[in-house]
Amino acid sequence: MRKELEKQYDPKRVEDRIYQSWLDGNYFHAANDPQKTPYTIVIPPPNITGQLHMGHALDNTLQDIIIRWRRMQGYDALWLPGTDHASIATEARIAATLRAEGTSKNELGRERYLERAWQWKEQYGGRIVEQLKKLGSSCDWERERFTLDEGCSKAVTEVFTRLYDKGLIYRGERIINWCPSCLTSISDAEVEYEDQAGHLWHLRYPLKDGTGHLDLATTRPETLLGDTAVAVNPGDERYKDMVGKTVILPLVGREIPVVADDYVDMEFGTGAVKITPAHDPNDFEVGLRHNLPVVCAMTDDAKINGDYPKYAGMDRYAARREIVKDLEAEGALIKVEDHAHNVGTCSRCKTTVEPKVSVQWFVKMEPLAGPAIDAVKNGETRFVPQRFEKIYFNWLESIRDWCISRQLWWGHRIPAWYCDGCGAINVAKETPESCRECGCADLTQDPDTLDTWFSSALWPFSTLGWPDDTDDLRHFYPTNTLVTGYDIIFFWVVRMMFSGVEHMGKAPFDTVLIHGLVRDAQGRKMSKSLGNGIDPLEIVDKYGADALRFTLATGNSPGNDMRFSDEKVEASRNFANKLWNAARFILMNLGENEPAPRVPTGLSTADKWILSRYNTLAAEATENLERFELGIAVQKLYEFIWDVFCDWYIELAKISIQQGGDAAVTAKGVLVYVLSNTLKLLHPFMPFITEEIWQTLPHEGETVMLSPWPVYDGSLHFAEEEAEMERVMAVVRAVRNRRAEMNVPPSKKAKLYIATAYRETFAAAETMFQKLAGASEIEVGGAFELDSTVSIVTNEAKVYIPMGELIDLETERLRLQKELEKAEKELSAVQGKLNNESFVAKAPEAVVAAQRENAARIEGKIGMLKESIAKL
RNA sequence: GGACGUUUAGCUCAGCUGGUAGAGCAUUCGCUUGACGUGCGAAGGGUCAGCGGUUCAAGUCCGUUAACGUCCACCA
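Structure (structure tokens):
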């Protein structure tokens, strides 16, 4: 006996040790070998504030499967890892820490604050990376990057200045989404809309000339403080005479005009709308068209500002209650209706976003969007599944300019300096000495930083060294596959696409593989607030990383959500254990110093059958991987290993091993060969257990993860033997089935008389029937005349078991009768087809031929069944 | 308002380019079978959401309806 494995696979004893051995071997490192074809995946950089969740686990498992497979195929496979500085999230985290210490961002000042932030990053920023390692991720850690590191920052500055010089970045006063809690602007993509129950307040604004009043409806009465007009539809007969007149704003007393604008929907409310340019994006547009003043009524933290002493300092909701009360007292409130409406919230903190007019930096999107759309239209980049192209196009086609400045400190500071003298904007890569307009030296840098996504947009090339012309950049760009969830297409994929096309002249990847969300067992989204999140590390701890990976890969089709449950992981764990025990059996039968696996000589039918099945598996699994059908590939591996290799071939091999001699040697050789190669096929999915087993088997090379990926081998294709085996297996199954039906204990053996046209095949399978079908012996012939037997009919054989005493003749007759009816029904279905002239004429010949054979087989079966019934 | 997805065995889901429905779990029956009870052998269970169409042939393609879900837009 060579080596003894434990009876049960224990991932805890294996995983960390194996991972360390891979690191020690430097196996994850992509050499940048010009002789090899590169295959590149850049990781979607997790936030440094992040904790590994199921979404990460899925995303990274898929990437690791792909990169391990490509690496084994001989590509110069690079999986480039890194993390994102996550400006808002990190600031929130640090703010909380500072609050606990009784201090604040402003108290510390920018410099000391940033020191703290970096400290925080050093302390916690690597946590998620360590967690990724637990999954077995084969990232090239030597190339690990951070969006705020020197190189990435250089890329950011380069891009900013380039786009500014091209006129694609500008600074201007616009209405933007403002988060009153994060105290920063956010982009359109960062706003989440949710339905909320609210009210529609009907208000009455009196006309200045005393001739009447104008009624209007609003969901936000408190913004009345900032009203600078009332608008009606120009085609609205009701208000025709009002346009151009002046109304008096209740509570405030401001005189504001009535304007006509197409924006107003006559059907809604009263057909008149209050216009608050400072606090509503649509109103802002109306304001621009009519030259209305912009009156801001709120502070940055969404409180009423000092211009309105009565309400000053109240937050927007308190002010709303107060203002409604006052309006009512003044008689300006006509009625209140219930009204559900969509409210924009900050995707980071869920606070209701406040539209706000302010000076910000923007990227002009239209010139960038076009080429990015083209890159997908012309096939340079494709989405898997393809339907996500639509989402991509839709977003880019209706894109608005991207607000990129953030009122935060943790991030890339905007490389713009304002001249204290002439006010000119100086955008430069380095701090300028003097103003380029007036030459004076008093310059102040813009205090804002850039949207986190501005730097992640450059990730596929900034991480490879851009803007420098590096070897890595030349070799690994464009990358191959981007793996990410559909929830991040707008934030990230779109921005990487237009950035890559703009700055590199090439789209950043050829394939975008989109996966869905991992939901809980009830199909709910996993979330912190629901508390239904499942911690992947707990799963790893309990079942092993391989079981987790296997679960995530199985039954997961691109783009679709999946449910996660412990039962599924248990099934995966059981599979790992099954494989482990198969290996254990094989090792128990191997001697010392066995040579590396190769196909032995003197193959039996069973040997050829399993080799041929394995060979097909290798071809099919590869094809599935190429099509990104990882779930199908892994399903096939599961089925082959469990149902084909373990349940059949190992049982058959036991027979040969017991026989000893050459048969035993050959069978052992085949066992090792097939197992060893199957381990390779399974390795990308279950890297740890496959490595552990592979190492204990005779092998060539240091590690399974660098062993060559199995390819289809024509010399292992044995169609005839496959057919022969399947014939015998069908009969074995049928006999087992009958015995089970009749409750024959396994210990009760019986002779089998097998009538068949394939006499040699069955005669050679006697031991198989003895071991697997409860046969004492078999006799094979063309036909038998026997009394009092149980008979079993398959398409290719009729089996008699002399066990008449065990059964009731009448039950047997009924059973056979039932089978006969079934067969006749089948036959008539097939004959119906064959009698259909258009089927015979139009269906492919092979299909027709198959049906003819089918008919012949069923006819044979019917004949045998009739004979059996007659005998009873 | 627009777009998309899902609907297949009791549950969770596969089913690629159309050729007589599959898996895991659950259920039932039988097994100290020399790798594994995290196992072995077997069984039951589906008019593939409804309707219409294309085709010799439809779970698979087209149209339509319904339920559920998601995204986008948004009228105060």
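For the first sequence, the numbering used here assigns the number -16 to the initial residue and increments by one for each residue that follows.
Idealized CB from N, CA, C, for every residue including glycine.
For clarity, every value in this text was computed on a predicted model and none was experimentally measured.
Positions of the alpha helix (DSSP H) runs, each at least 4 residues long and wholly inside the segment 237 to 280, are given as 264 to 273 in order along the chain.
Exposure of Asn89 is indicated by the presence of fewer than 16 other C-beta atoms within 10 angstroms of its C-beta. Residues of the same chain with a CB within less than 7 Å of the CB of Asp192, apart from the 5 flanking positions on each side, are Lys228 in chain order. Taking all protein chains shown into account, His498 has 16 or more neighbouring C-beta atoms within 10 Å of its C-beta and is therefore buried. Residue state for Gly468 is assigned as strand, using DSSP reduced to three classes. In this structure the segment 113 to 129 lies against the segment 46 to 64, because at least three pairs of beta carbons, one per stretch, are closer than 8 Å. A straight-line Cα-Cα distance of about 24 Å links Asp210 and Thr334. When the five nearest sequence neighbours on each side are left out, the beta carbons in the same chain lying within less than 8 Å of the beta carbon of Val476 are those of Tyr375, Leu465, Thr467, Val495, in order along the chain. By alpha-carbon distance to Leu665, the top candidate from Lys854, Arg532, Arg128 is Arg532. When Trp103, Ile397, Arg76, Ser381 are compared, the shortest CA-CA separation from Leu146 is found for Ile397. A check of alpha carbon separations from Tyr736 across Tyr783, Glu724, Thr744, Val711 identifies Tyr783 as the nearest. The beta carbon of Leu234 lies closer than 6 Å to those of Asp309 in the same chain, with the five residues before and after it left out.
Taking a contact as a CB-CB distance under 8 Å, the pair Arg272 and Asp244 counts as one, their CB atoms being some 6 Å apart.
Between Leu197 and Val230, the C-beta gap is smaller than 9 Å, which places the two residues in contact. Per the coordinates, the alpha-carbon of Ser698 lies some 20 Å from the alpha-carbon of Val648.
The alpha-carbon separation between Arg722 and Ser730 amounts to approximately 11 Å.
Rounded to the nearest whole angstrom, the C-alpha separation of Ala255 and Gln343 is 31 Å. In terms of CA proximity to Lys318, Val307 leads the group Ala756, Val307, Tyr107. A Cβ-Cβ separation of about 18 Å leaves Thr661 out of contact with Gly614 under the 8 Å criterion. The beta carbon of Trp442 lies closer than 7 Å to those of Val25, Pro28, Met479 in the same chain, with the five residues before and after it left out. Annotation: Val269 to Gly404 spans about 35 Å, alpha carbon to alpha carbon.
In this structure, His322 and Gly181 form a Cβ contact; the two beta carbons are roughly 5 Å apart against a cut-off of 8 Å. The beta-carbon separation of Lys781 and Ser759, rounded to 19 Å, does not stay under the 8 Å limit for a contact.
Two segments are said to touch when three or more pairs of C-beta atoms, one from each, lie closer than 8 Å; by this definition the segment 588 to 596 does not touch the segment 561 to 573.
Secondary structure of Met545 (DSSP, three-state): strand. For Gly614, the enclosing alpha helix (DSSP H) has its first and last residue at 613 to 622. Here the alpha carbons of Ala838 and Ala812 stand approximately 9 Å from one another.
The residue from Leu316, Ser417, Val340, Arg237 with its alpha-carbon nearest to that of His262 is Val340. Beta-bridge partners assigned by DSSP to Lys508: Arg502. Just measuring C-alpha positions, the residue of Ser774, Lys808, Glu807, Lys805 sitting nearest Leu792 is Ser774. Under DSSP, Val763 shares a beta bridge with Ile737. Contact between Gln428 and Ala399 is confirmed by a C-beta separation of about 7 Å, below the 8 Å threshold. Judged by DSSP secondary structure, Tyr656 falls within the alpha helix (DSSP H) whose first and last residues are 644 to 665.
Look at the beta carbons and you see the segment 150 to 169 not touching the segment 413 to 428: under three pairs across the two are nearer than 8 Å. Boundaries around Val342 are those of the beta strand (DSSP E), 337 to 346, since no alpha helix (DSSP H) includes it.
Three or more pairs of CB atoms, one per stretch, sit closer than 8 Å, so the segment 30 to 43 contacts the segment 67 to 77.
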